[in-house]
Amino acid sequence: MRAHRLPHIWCPGCGLGNALRCYVEAMEASDTPLDKHVCVSGIGCSGRAAGYVNVDSYHTTHGRPIPFATGLKLVRPELEVTVFSGDGDLVTIGGNHLIHAARRNLDLNVLCANNFNYGMTGGQFGATTPYAARTTTTPYGNFEQAFNLPLLVAASGATFVSRWTSLHVRQLTKAIERAFEVDGFAFVEILSPCPVGFGRKNEFADALAEMTHFREKAIVRHDADLREVGITMRREDPIILGNFVDEERPSYFVGKDDLLKSVLEGRE
Amino acid sequence: MPTGDVVVVIGGAAGDGVASTGQIYATTCARNGLNVTTYQSYQSVIRGGHIWFRIRASNEKRYSQGDDFNLLIALDQSTLDIHVPQIAPPGGVIFDPSRHDLKEEALPPGVSPLPVPSQEISMDVSGKPIMQNTVALGALMYILRLDLKVLWSALEKMFGRKGEKVIDLNKTASERGYEHAQEKHETFDFGLKPTRESKPIMSGNDSIGLGAFAAGVKLLAQYPMTPASSIMHWMAAHSSKYGVVVKQTEDELAAMNMVIGASFAGVRAMTATSGGGYSLMVEATGLAGMTETPAVIVEVQRAGPSTGLPTKTEQGDLNMIFGASQGDFPRIILAPRNPEECFEVGWRAFNLADVYQCPVFILSDLYLGEMWRTVQPPDFEVPIIRGFMANGGEEYSRYKMTDTGISPRAIPGQPGLMFIAGSDEHGESGELISDILAGIPEYVNVRAQMMEKRMSKLETAVKEMRPPELYGPEKAEITIVSWGSTQAAVRDALDILKEEEITANSLEFCDLWPLRAKEARKLLEGASETLIAEVNYTGQFDRLLRVETGFQVKHRLRKYDGEPIYPMEVVRKVREVLHGS
Ligand code: SF4
Numbered sequence: 001m002r003a004h005r006l007p008h009i010w011c012p013g014c015g016l017g018n019a020l021r022c023y024v025e026a027m028e029a030s031d032t033p034l035d036k037h038v039c040v041s042g043i044g045c046s047g048r049a050a051g052y053v054n055v056d057s058y059h060t061t062h063g064r065p066i067p068f069a070t071g072l073k074l075v076r077p078e079l080e081v082t083v084f085s086g087d088g089d090l091v092t093i094g095g096n097h098l099i100h101a102a103r104r105n106l107d108l109n110v111l112c113a114n115n116f117n118y119g120m121t122g123g124q125f126g127a128t129t130p131y132a133a134r135t136t137t138t139p140y141g142n143f144e145q146a147f148n149l150p151l152l153v154a155a156s157g158a159t160f161v162s163r164w165t166s167l168h169v170r171q172l173t174k175a176i177e178r179a180f181e182v183d184g185f186a187f188v189e190i191l192s193p194c195p196v197g198f199g200r201k202n203e204f205a206d207a208l209a210e211m212t213h214f215r216e217k218a219i220v221r222h223d224a225d226l227r228e229v230g231i232t233m234r235r236e237d238p239i240i241l242g243n244f245v246d247e248e249r250p251s252y253f254v255g256k257d258d259l260l261k262s263v264l265e266g267r268e
Numbered sequence: 269m270p271t272g273d274v275v276v277v278i279g280g281a282a283g284d285g286v287a288s289t290g291q292i293y294a295t296t297c298a299r300n301g302l303n304v305t306t307y308q309s310y311q312s313v314i315r316g317g318h319i320w321f322r323i324r325a326s327n328e329k330r331y332s333q334g335d336d337f338n339l340l341i342a343l344d345q346s347t348l349d350i351h352v353p354q355i356a357p358p359g360g361v362i363f364d365p366s367r368h369d370l371k372e373e374a375l376p377p378g379v380s381p382l383p384v385p386s387q388e389i390s391m392d393v394s395g396k397p398i399m400q401n402t403v404a405l406g407a408l409m410y411i412l413r414l415d416l417k418v419l420w421s422a423l424e425k426m427f428g429r430k431g432e433k434v435i436d437l438n439k440t441a442s443e444r445g446y447e448h449a450q451e452k453h454e455t456f457d458f459g460l461k462p463t464r465e466s467k468p469i470m471s472g473n474d475s476i477g478l479g480a481f482a483a484g485v486k487l488l489a490q491y492p493m494t495p496a497s498s499i500m501h502w503m504a505a506h507s508s509k510y511g512v513v514v515k516q517t518e519d520e521l522a523a524m525n526m527v528i529g530a531s532f533a534g535v536r537a538m539t540a541t542s543g544g545g546y547s548l549m550v551e552a553t554g555l556a557g558m559t560e561t562p563a564v565i566v567e568v569q570r571a572g573p574s575t576g577l578p579t580k581t582e583q584g585d586l587n588m589i590f591g592a593s594q595g596d597f598p599r600i601i602l603a604p605r606n607p608e609e610c611f612e613v614g615w616r617a618f619n620l621a622d623v624y625q626c627p628v629f630i631l632s633d634l635y636l637g638e639m640w641r642t643v644q645p646p647d648f649e650v651p652i653i654r655g656f657m658a659n660g661g662e663e664y665s666r667y668k669m670t671d672t673g674i675s676p677r678a679i680p681g682q683p684g685l686m687f688i689a690g691s692d693e694h695g696e697s698g699e700l701i702s703d704i705l706a707g708i709p710e711y712v713n714v715r716a717q718m719m720e721k722r723m724s725k726l727e728t729a730v731k732e733m734r735p736p737e738l739y740g741p742e743k744a745e746i747t748i749v750s751w752g753s754t755q756a757a758v759r760d761a762l763d764i765l766k767e768e769e770i771t772a773n774s775l776e777f778c779d780l781w782p783l784r785a786k787e788a789r790k791l792l793e794g795a796s797e798t799l800i801a802e803v804n805y806t807g808q809f810d811r812l813l814r815v816e817t818g819f820q821v822k823h824r825l826r827k828y829d830g831e832p833i834y835p836m837e838v839v840r841k842v843r844e845v846l847h848g849s
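Sequence lines, in order, name chains A and B.
Position one of the first sequence corresponds to residue 1 (the working numbering), numbered consecutively onward.
Position one of the second sequence corresponds to residue 269 (the working numbering), numbered consecutively onward.
1) Along chain B, in chain order, which residues have C-beta atoms closer than 7 Å to that of A/H62?
2) At a threshold of 7 Å, does B/M493 count as lining the ligand SF4 (C-beta to nearest heavy atom)?
3) Within the 8 Å Cβ cut-off, does B/E573 reach chain A?
4) Within 8 Å of any Cβ in chain A, is that where the Cβ of B/A540 sits?
5) Is B/G279 helix, strand or coil by DSSP?
6) Would you say A/L208 touches the ligand SF4, meaning its beta carbon is less than 7 Å from a heavy atom?
7) Please list the residues of the stretch 129 to 142 of chain A that have a C-beta atom closer than 8 Å to any C-beta atom in chain B, keeping them in chain order.
8) Go to A/T82, then tell me how far its beta strand (DSSP E) extends in each direction, as first and last residue.
9) With a cut-off of 8 Å on the beta carbons, I'd call A/T128 and A/N114 a contact; round off their distance for me.
10) Could you say if the stretch 763 to 770 of chain B and the stretch 786 to 804 of chain B meet the contact criterion of at least three C-beta pairs nearer than 8 Å?
11) Let's test the definition: count the other Cβ atoms within 10 Å of the Cβ of B/T271 and tell me whether it reaches 16, buried, or not, exposed.
12) Taking C-beta to C-beta, are B/I319 and B/Y310 nearer than 8 Å?
13) Grab the span of the beta strand (DSSP E) containing B/E663 for me, first residue to last.
14) Are the C-beta of A/Q124 and some C-beta of chain B separated by less than 8 Å?
15) To the nearest angstrom, report how far apart B/E582 and B/Q333 are at their CA atoms.
16) State the CB to CB distance for the pair A/D183 and A/V254, rounded to an integer number of angstroms; the pair is presumed to be in contact (CB under 8 Å).
17) For the beta strand (DSSP E) that B/D779 lies in, which residues bound it at each end?
18) Check distances from the C-beta atoms of the stretch 86 to 97 of chain A to those of chain B and list, in chain order, the residues that come in under 7 Å.
19) What residues are listed by DSSP as bridge partners for B/H823?
20) Going residue by residue through the stretch 414 to 500 of chain B, where are the continuous beta strand (DSSP E) segments of at least 3 residues, counting only ones entirely within it?
21) Check whether the Cβ of A/V196 lies closer than 7 Å to any heavy atom of the ligand SF4, and answer yes or no.
22) Given a threshold of 16 other Cβ atoms within 10 Å of its Cβ, counted over all protein chains shown, does B/L370 qualify as buried or as exposed?
23) Just to make sure I have the definition right: I need the residues of chain B whose C-beta is within less than 7 Å of the C-beta of A/I43. Which are they?
24) Determine, for A/Y23, whether the minimum Cβ-Cβ distance to residues of chain B falls below 8 Å.
25) Strictly below 8 Å CB to CB, what residues from chain B border A/Y118?
26) Run the CB neighbour count on A/R235, radius 10 Å, all protein chains shown included, and call it buried at 16 or more, exposed below.
27) Give the range of the beta strand (DSSP E) segment to which B/G359 is assigned.
28) I want to verify the contact list: residues of chain A whose CB lies under 7 Å from the CB of B/Q516, in sequence order.
29) Can you confirm whether B/M399, when its beta carbon is compared against all beta carbons of chain A, has any partner nearer than 8 Å?
30) Using a 10 Å radius around the Cβ and a threshold of 16 neighbouring Cβ atoms, would you call B/F648 buried or exposed?
31) In or out: B/I674 buried (at least 16 other Cβ within 10 Å) or exposed?
32) Please find out if some non-hydrogen atom of the ligand SF4 comes closer than 7 Å to the beta-carbon of A/M211.
33) Spatial neighbours of B/P397 within its chain, please: CB distance less than 7 Å, with the 5 preceding and 5 following residues excluded, ordered by chain position.
34) Consult DSSP for A/V53 and reduce its assignment to one of helix, strand or coil.
35) Starting from A/K217 and walking both ways along the alpha helix (DSSP H), at which residues does that stretch end?
36) Name the two residues that bound the continuous alpha helix (DSSP H) containing A/Q171.
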């Protein structure tokens with residue numbers, strides 16, 4: 001952490017502080033020295049993370065941390081490159097980059113703090129806002145359906161796909177460590193309470209109520225059918241967590257080296 | 269001598285309710301028939317260090333937030349520490365001595381401490397500290413000699429949805445604050461003259477939305493971005509009443525393309541964003557230009573480049589808007605100067621877009637977009653001009669050559685009016701000439717003719733654009749040129765200069781492109797001395813004006829620190845130009 005940048009700007013009760021702490025702890029526990037870790041973030045509340053961690057970090061433009069990180073990783077494969085950003089940034093405006101990065105299976109770690117709305121710009125809805133949820137731009141409730149992120153990213157070809165809440169500190173930290181380890185695209189969705197932008201408008205009395213809901217409804221099912229892990233506004237529905245995908249698939253570099261080798265050998 | 273003009277600053281940390289307290293006070297002043305202008309200074313939309321809200325109330329119309337302020341309501345310690353030394357006499361500071369510590373030696377001469385035990389009173393009234401701001405507002409009413417009942421009507425408006433009980437508690441809290449001030453403090457005579465004529469109060473952003481509603485807009489497609497988001501919030505909140513689709517999109521590329529699609533289908537459509545978001549709309553802007561599809565784009569500028577200063581103002585995007593997208597195509601740029609004009613360009617833009625079948629930009633900025641001001645009640649009866657529409661009959665050519673360059677527009681689904689709309693270069697009927705025909709002599713001509721047809725629309729459009737307005741005395745020692753929101757500082761500067769016996773006038777541009785260059789040149793040549801004020805580094809409008817009129821404005825005042833220009837900055841510059849000091 002960069003002590004001189006604290007206190008952070010996040011609201012009281014916000015889940016992002018915890019999420020960031022898990023990321024930092026995972027970095028400290030990893031085999032890679034801190035000066036080989038790189039943090040890239042976009043714009044939004046979570047986008048501020050890059051400013052708070054004490055590793056090389058880049059606060060890029062809105063929606064574009066993944067292409068930025070891709071460029072970085074392609075030319076400096078020895079670095080452990082992690083994108084830490086929010087759902088609006090990574091999935092809504094940057095959704096196209098996300099699926100292509102998963103498909104490419106380049107060895108990046110994407111930590112996506114999902115608070116179901118755009119907190120920083122005033123609580124608008126996004127591609128992760130559940131159907132019927134209220135935001136400043138869905139005053140009658142959201143008419144659209146939300147992305148089911150684990151399903152989306154897994155279908156696009158990621159090597160590691162996981163989801164925890166920012167309250168599951170231990171499991172989340174472990175998942176991030178695993179994301180560092182795997183060779184290929186790793187995606188960790190971090191469900192993060194946002195009392196100010198989201199909770200208040202959706203009948204969570206306060207920060208605590210939203211957290212309690214996250215804790216009580218959470219069930220861990222690593223082998224869940226990913227078609228069934230979408231998040232709804234129905235209070236009785238469970239929130240399914242786990243390390244859903246952890247597969248061996250040739251990462252971008254492996255695939256590239258293999259192919260190059262065989263093509264060049266053929267020429268000789 | 270009382271001036272009939274008083275500026276109040278309310279300061280605190282985010283979460284202290286600075287904005288709502290400021291809004292209640294601004295509404296109270298407007299309901300007292302006073303003229304109100306405001307300016308908010310904040311950092312982040314979620315939670316950010318120190319924020320303050322300036323509210324200026326005056327008998328006469330004022331345009332800017334003013335230079336000095338007289339009264340301070342401090343909701344936290346930083347406000348006392350930062351702002352007390354800046355208070356201009358006669359003045360005072362309202363604070364709660366049980367919570368914060370006022371260092372008397374920091375008070376400028378003629379400024380009084382006005383302690384009010386807001387927390388204690390709030391606890392007493394409601395059992396909670398949350399009504400402290402209302403207590404302070406009650407005290408302010410007494411100090412300013414304003415009617416408490418008018419504050420109550422503003423409280424009703426603000427807390428209406430929270431029910432009777434909340435409103436009643438707030439009323440009691442404010443009354444207790446009022447009584448406390450009555451007992452312990454003197455009133456200040458600023459010469460405010462309340463009337464019974466309540467004035468509407470609007471921000472620039474809301475006014476643009478209202479203007480668009482008046483024009484019959486049917487679709488707003490937008491992606492959130494400070495400081496343009498409030499246009500979407502406001503329009504979404506009123507969308508069902510006006511039958512408007514407000515579509516928040518996945519990014520700005522989608523927003524701009526949706527606008528073009530909806531407009532192509534025959535309805536009025538718009539988007540709103542700030543500079544960074546507009547950068548993503550650049551390609552689609554060219555599509556609207558090439559297919560001659562009307563589109564209204566609101567760009568509320570903030571300080572760039574890149575993410576820049578998201579909550580600070582600038583007039584730095586004119587060059588981008590002027591040159592956005594590859595190739596030449598006609599565009600129209602309007603830069604409203606005040607909230608009333610935001611309403612006006614809000615509907616004018618749609619008429620211009622329909623008539624000239626091209627992108628029309630409303631170039632506003634954070635300062636204007638978020639500034640709440642009392643306005644003339646807007647007139648909803650606005651002219652609706654849909655332009656040249658095809659109605660069948662002879663063989664249809666979407667891009668027919670005409671004297672004005674404007675061709676008949678058809679809406680998909682109209683029988684017999686079939687055409688191809690493509691982003692490629694095309695002939696009169698819309699057939700693409702980009703692939704196998706390009707370069708063949710006949711089609712070399714078609715290309716040239718199409719370019720000329722499209723561009724010639726500007727020659728007609730310019731006649732409809734408004735020349736700059738010369739405000740103030742016709743003959744003056746100096747003419748101050750400005751565009752967009754900088755009008756506010758310049759107009760208030762004229763009043764100050766008048767007191768110093770300097771005659772100055774103000775040459776103000778709203779319609780920037782196509783520019784009424786001839787009229788502008790004539791006015792500039794008639795000026796004894798010229799100064800241009802704008803909020804960017806390179807003088808973007810200064811350059812455009814020179815290129816178009818051949819006239820070089822002699823002196824310049826440029827600001828690029830994120831803050832708007834203040835009247836005294838203009839005054840000081842004028843003194844320097846005229847008297848060398
Ligand atoms: S708006 Fe929401 S996500 Fe952003 S800092 Fe506040 S609580 Fe956290």
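The beta carbon of each residue, even a glycine, is placed where N, CA and C say it ideally should be.
On the basis of the supplied data:
1) G544
2) no
3) Going by the sequence as given, residue 573 of chain B is Pro instead of Glu. No, because no Cβ of chain A sits closer than 8 Å to the Cβ of B/P573.
4) no
5) strand
6) no
7) T136, T137, T138, P139 and Y140
8) E80 to G86
9) 5 Å
10) no
11) exposed
12) yes
13) No beta strand (DSSP E) contains B/E663, which DSSP labels as neither H nor E.
14) yes
15) 16 Å
16) 7 Å
17) D779 to W781
18) T92, I93 and G95
19) B/L799
20) 469 to 471 and 487 to 490
21) yes
22) buried
23) T575
24) no
25) P492
26) exposed
27) G359 to F363
28) Q124, F125 and T137
29) no
30) exposed
31) buried
32) no
33) Q387, S390 and M391
34) coil
35) A207 to K217
36) V169 to E181
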